[in-house]
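Take a look at the structure below.
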Amino acid sequence: MKTRNLLLIAIFSTFLFVSVSRAAQPPVSVDLQPDAENPISPIMGDHLRFWSTLKNTGSSPMEGLVVWISLVEIDPGNEQPVDLEDWSAQKAVTGASLKPGESLRTDWPMRLIKGSDYRVVVSATDRGGRQVYTSPTVQFHVRQKPVLQAGRVLPVAAGMPLLLIGLMVFKKTGQGRGNRNNVTT
Amino acid sequence: MMNTTWTIARKESAQMLRSQRGLLWLLTFSGLLSAFSLLLVSNTELSLLDNAQVVYMMAGTVLAAGALLVAILGSDAYAGEKERGTLVPLLCAPIAANALLAGKAVGLLAAWGVMFAVATPYLWAVGASGQNLGAALFYLALFGTPVVLGFGYLAMALSARTGSVMTSLLSTVTLLMLAASPLVIGPGLRGTAVGRILDVINPFAGALNTFDSVIIDSDPFSAQTGRLVLVGVWLVLCLFAARRSASRPDF
Amino acid sequence: MIDIENLRLSIEGKEILKSIDLHLRPGDTYGLLGPNGAGKSTTIFALLGLRAYESGSIRVLGGNPMEEAVAIRRSVGVMPEKAGFYDWMTALDYLKWYARLYGSEPVNRDLDMMLEKVGLGTEARRPIGAYSRGMKQRLAVARALITHPKLLILDEPTNGLDPKGRREIHNLLVEFAAEGKAGVLLCTHLLDDVDRLCNRIGIIDNGRTRLEGSLGDLLAEQGGGQRYRLRLETDPDTTNLPAGVAIAGHEGGWWRVQAQVKPSEGPPALWGELWRRGWKIMEIRSEASSLEELYMSHTGQDKHYTQEAA
Chain A
0 MKTRNLLLIA IFSTFLFVSV SRAAQPPVSV DLQPDAENPI SPIMGDHLRF WSTLKNTGSS
60 PMEGLVVWIS LVEIDPGNEQ PVDLEDWSAQ KAVTGASLKP GESLRTDWPM RLIKGSDYRV
120 VVSATDRGGR QVYTSPTVQF HVRQKPVLQA GRVLPVAAGM PLLLIGLMVF KKTGQGRGNR
180 NNVTT
Chain B
0 MMNTTWTIAR KESAQMLRSQ RGLLWLLTFS GLLSAFSLLL VSNTELSLLD NAQVVYMMAG
60 TVLAAGALLV AILGSDAYAG EKERGTLVPL LCAPIAANAL LAGKAVGLLA AWGVMFAVAT
120 PYLWAVGASG QNLGAALFYL ALFGTPVVLG FGYLAMALSA RTGSVMTSLL STVTLLMLAA
180 SPLVIGPGLR GTAVGRILDV INPFAGALNT FDSVIIDSDP FSAQTGRLVL VGVWLVLCLF
240 AARRSASRPD F
Chain C
0 MIDIENLRLS IEGKEILKSI DLHLRPGDTY GLLGPNGAGK STTIFALLGL RAYESGSIRV
60 LGGNPMEEAV AIRRSVGVMP EKAGFYDWMT ALDYLKWYAR LYGSEPVNRD LDMMLEKVGL
120 GTEARRPIGA YSRGMKQRLA VARALITHPK LLILDEPTNG LDPKGRREIH NLLVEFAAEG
180 KAGVLLCTHL LDDVDRLCNR IGIIDNGRTR LEGSLGDLLA EQGGGQRYRL RLETDPDTTN
240 LPAGVAIAGH EGGWWRVQAQ VKPSEGPPAL WGELWRRGWK IMEIRSEASS LEELYMSHTG
300 QDKHYTQEAA
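Chains as they are written, first to last, in numbering that gives the first Met the number 0: chain A, 0 to 184; chain B, 0 to 250; chain C, 0 to 309.
See below:
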């Protein structure tokens, strides 16, 4: 009798555990990976690509999906979200539907505008759900490139006005010489 | 007609480049761009966006200075000659009215060309390591030329009609300032219905928006065609006004 | 070369020319006289197609200036009243540039010769901005002549010149007219210039032609010729007078004579002739000329009176 009761409790507990576990598992899995061809040590101006995979792991279809990419600067002292306006034309995918077990693979191209440390993440939500599901973050460093080189600017900034002044002086002295050669009688 | 046009054009161009006043103008313009460049040279932490912004602002400055210069030269084209007594001898010569206008327009174009040539080293110096420098130069030429020439034709139209340098200059510069005013009203006001309508009909704003689009946003040529039509229409309207006034100038 | 009939022209609603007649033949030096504001300059501008007219007709070198202005101007040299130049150019460069507008490419030697003729030979390579007013006036004459025009139109050509300068310009114009085929239209209010240079005159006032015709004939009808008063050492032989001289009176020791002289000769030849005939002239004074009387009698009125005399 005691053995039979223990067996029943064990079966019931296992069944309950599995049910509860099933209920706690999110219906979506989001994965984010950098493209294999991304430069190892990117610099300002380089292009990076990331791939996200969104899978419907639930039992019901997902409608009206919105998937978007976010970028955060994590340089100490400069922590801030980044407006992707000039980094990427592809900022979100909207309106997709996923049946149970289906996956949505999306690429996210990005141009590196500024040097710093960054983390990128992809987020997703659907029309019916109340949660936002996020991928693991991918961290990367962008090397700064000097875009304004003093060695280029200084010669031009000083040289052009000097050239024009020289032209003016040359004109003036040329006129003066001409006037001296034409003496009024 | 081409000979007389060319003869007039050479005189107008030489007047700009060989006179002390013309060289002084170029020197002032060059000084402005030098100051602009030197302000930035100490900042090595500029992003590509910031750098693109600098190139965009410099292109806008060149456009504004070019339009101002041709407004001044255009206002002087007929009325200045009248005030100095050189217009009547010119009108007494066997030059068709359109040939005279064309010659003066080529002179304005030459002045714009010189300003563009002076500005190019500056744009190269600040923009070579950034993005879209080639596009900046190309679109500054493609859009800047009709906008600037349009203001030149407008100034000449007023100059011929009024016979007064002051009147035509004030009118043209006022219109230029109105055209450039979107730069000072904020993006909020520009986004209103009235602001958007003004943007659509304003050739100066059209050129600036194109610079923004290609230099900062890296948009393709196809996105600029509407604005190209706008500046083309502007040029044609100003040319029409100038031809009408120049056919019977006030002398 | 110029035929204007009953020309009417308004500017901004104001009638400037009401009835202008002008006929200039090849070889004529035509003096267009009139007070300030009479319409002389406006008539010139109408001739060149720079002002549209309302009625009447204009033919210049056989063409209508409203339709063939550029072609007509190619054969016309003009010296406008305001002699404007580009101060930064030298005279040589300016004339070369201006000639190009006429489709001509004169060489420096020809330009130097022209500048020498107008008295600017040594100033040819100076910027025009350094010129005096008189020098600019001379340069304006050179500008009008450099293109070898068939018709020369001058508006107040001797303004701002000293007597020597005026005489030099007169000589140039006489030389130009003496070639015989070209025509000269001289607009001026200076009767001395007309007297010396012109064989035909037109007098306009308040937009109307008051008088037009051959100068000699008009003066003859007036009882014309130039009037002088002469003080003589001894009484002259009044029966032995040269042709063209008539005695008008003898008052208070002065002999008043009326003399008709050719514009190209002037009175000095006449005095020489009188001297040879025993007129020992000690003093000469000019009286109001007949041309002046002709001018005064036809201006300052509002009647339309046109007389054509051959």
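We put the CB at the ideal spot given by N, CA and C, even for glycine.
On a predicted model such as this, the values are computed, not experimentally measured, just so you know.
Next item on the list: Indicate the three-state DSSP secondary structure (helix, strand or coil) for C:K302 in the structure shown.
Entry: Bear in mind that a pLDDT of 42 at C:K302, under 50, signals an unreliable position, so the number given afterwards is only what the model happens to contain. Residue state, collapsed to three classes: coil.
Item checked: First through last residue of the beta strand (DSSP E) which encompasses C:E282 -> Run containing C:E282: I280 to S285, per the beta strand (DSSP E) assignment.
Checklist line | C:Y97 at chain B interface by Cβ criterion, 8 Å | finding: Using a Cβ-Cβ cut-off of 8 Å, C:Y97 counts as an interface residue toward chain B, since at least one Cβ of chain B sits closer than that to its own.
Next item on the list: Kindly indicate which three-state DSSP category A:R110 falls into: helix, strand or coil?
Entry: The three-state reading of DSSP puts A:R110 in strand, counting E and B together.
Item checked: Neighbour list for C:A141 in chain B, Cβ cutoff strictly below 8 Å -> Near C:A141 there are no residues of chain B at all, since even the closest Cβ is about 12 Å away, more than 8 Å.
Note to self: Considering only DSSP beta bridges, list what B:W123 is partnered with.
What the structure shows: None, per the DSSP bridge assignment.
Next item on the list: Examine chain C for any beta-carbon lying closer than 8 Å to the beta-carbon of B:V164, and answer yes or no.
Entry: No, its Cβ sits nowhere closer than 8 Å to a Cβ of chain C.
Margin query: Using the three-state DSSP reduction, which class does C:D20 fall into: helix, strand or coil?
Written below: In the structure shown, C:D20 sits in a strand (DSSP, three-state: E or B).
Margin query: Please confirm whether B:P120 has its beta-carbon closer than 8 Å to some beta-carbon of chain A.
Written below: For B:P120, the nearest CB of chain A lies under 8 Å from its own CB, placing it at the interface with that chain.
Item checked: Neighbour flag for A:L163 against chain B, beta carbons, 8 Å -> For A:L163, the nearest CB of chain B lies under 8 Å from its own CB, placing it at the interface with that chain.
Next item on the list: Taking 8 Å as the threshold, find out whether the region 156-167 of chain C comes into contact with the region 186-195 of chain C through three or more Cβ pairs.
Entry: Yes: at least three Cβ pairs fall under 8 Å.
Item checked: Secondary structure of C:V77, DSSP reduced to three states -> Strand, per DSSP.
Next item on the list: Report yes if the CB atom of B:S217 is closer than 8 Å to the CB atom of B:V125, and no otherwise.
Entry: Contact flag unset, no.
Next item on the list: Pull up the DSSP beta-bridge partners for C:W253, would you.
Entry: DSSP lists C:E250 as the beta-bridge partner residues of C:W253.
Item checked: Cα-Cα separation, A:R3 to A:P26 -> If you take the alpha carbons of A:R3 and A:P26, they lie about 37 Å apart.
Notebook entry, point to check: Whole beta strand (DSSP E) runs in the region 148-196 of chain C with 3 or more residues, listed along the chain?
Noted result: Within the region 148-196 of chain C, the complete beta strand (DSSP E) runs of at least 3 residues fall at 150-154 and 182-187.
Notebook entry, point to check: By DSSP, does C:G201 sit in helix, in strand, or in coil?
Noted result: Three-state result, C:G201: strand.
Checklist line | Beta carbon of A:V120 nearer than 8 Å to that of A:T136 | finding: Yes, these two residues count as a Cβ contact at 8 Å.
Next item on the list: Note down, in chain order, each residue of its chain lying with its Cβ closer than 8 Å to the Cβ of C:G26, except the 5 sequence neighbours on either side.
Entry: Excluding positions up to five away in sequence, the list reads A176, G179, K180, A181 and G182.
Notebook entry, point to check: Among residues of its own chain, excluding the 5 on either side of C:R50, which ones have a beta-carbon nearer than 8 Å to its beta-carbon?
Noted result: Sequence-distant partners of C:R50 (beyond 5 residues in either direction) whose C-beta falls short of 8 Å from its own C-beta, in its chain, are L8, I10, T41 and F44.
Notebook entry, point to check: Mind listing which residues of the region 27-39 of chain B have their C-beta closer than 7 Å to chain A's C-betas, in chain order?
Noted result: Answer in chain order: S29, G30, S33, S36, L37 and L39.
Margin query: Within 10 Å of its beta-carbon, does B:G65 have 16 or more other beta-carbons around it, so buried, or fewer, so exposed?
Written below: Residue environment: B:G65 is assigned as buried (16 or more neighbouring CB atoms within 10 Å of its CB, all protein chains considered).
Margin query: As a quick exercise: from B:L31, B:E11, B:V54 and B:L234, pick the residue whose alpha carbon is nearest that of B:A134.
Written below: B:A134 has its Cα closest to that of B:V54, out of B:L31, B:E11, B:V54 and B:L234.
Notebook entry, point to check: Taking contact to mean at least 3 C-beta pairs separated by less than 8 Å, is the region 87-100 of chain C in contact with the region 116-128 of chain C?
Noted result: Yes, the region 87-100 of chain C touches the region 116-128 of chain C.
Check: Between the beta-carbon of A:N185 and the beta-carbon of A:G100, is there less than 8 Å?
Finding: Within the shown structure, residues of chain A are numbered from 0 to 184, placing residue 185 of chain A beyond reach of any answer.
Note to self: Rounded to whole angstroms, what is the Cα-Cα separation between A:K90 and A:I68?
What the structure shows: Those two C-alpha atoms are separated by around 6 Å.
Checklist line | Neighbour-count burial assignment, B:P248, 16 or more Cβ in a 10 Å radius | finding: With 16 or more other Cβ atoms within 10 Å, it is buried.
Checklist line | For C:Q225: DSSP bridge partner residues | finding: Bridge partners of C:Q225: C:A258.
Notebook entry, point to check: Per DSSP, what kind of secondary structure is C:E67 in: helix, strand or coil?
Noted result: Of the three classes helix, strand and coil, the one that applies to C:E67 here is helix, per DSSP.
Note to self: 8 Å is my cut-off, CB to CB: does A:Q148 come that close to chain B?
What the structure shows: Against chain B, the CB of A:Q148 has a partner CB under 8 Å away; the residue lies at that interface.
Check: Hey, how far is the Cα of C:L60 from the Cα of C:P148?
Finding: It is roughly 11 Å from the alpha-carbon of C:L60 to the alpha-carbon of C:P148.
Check: Taking Cβ to Cβ, would you say C:L171 is nearer than 8 Å to C:V117?
Finding: Less than 8 Å separates the beta-carbon of C:L171 from that of C:V117.
Next item on the list: Just mark C:R24 as buried or exposed, buried being the case when its beta carbon has 16 or more other beta carbons within 10 Å.
Entry: Under this definition C:R24 is an exposed residue.
Check: Apart from the five residues just before and just after B:A240, which ones in its own chain have a Cβ nearer than 6 Å to its Cβ?
Finding: Exclusion of the five residues before and after B:A240 leaves A156 as the residues of its chain whose Cβ lies within less than 6 Å of its Cβ.
Item checked: Where the alpha helix (DSSP H) through C:T42 begins and ends -> First-last of the alpha helix (DSSP H) with C:T42: K39 to L46.
Next item on the list: State the CB to CB distance for the pair A:R118 and A:V168, rounded to an integer number of angstroms; the pair is presumed to be in contact (CB under 8 Å).
Entry: The Cβ separation is near 59 Å, so there is no contact.
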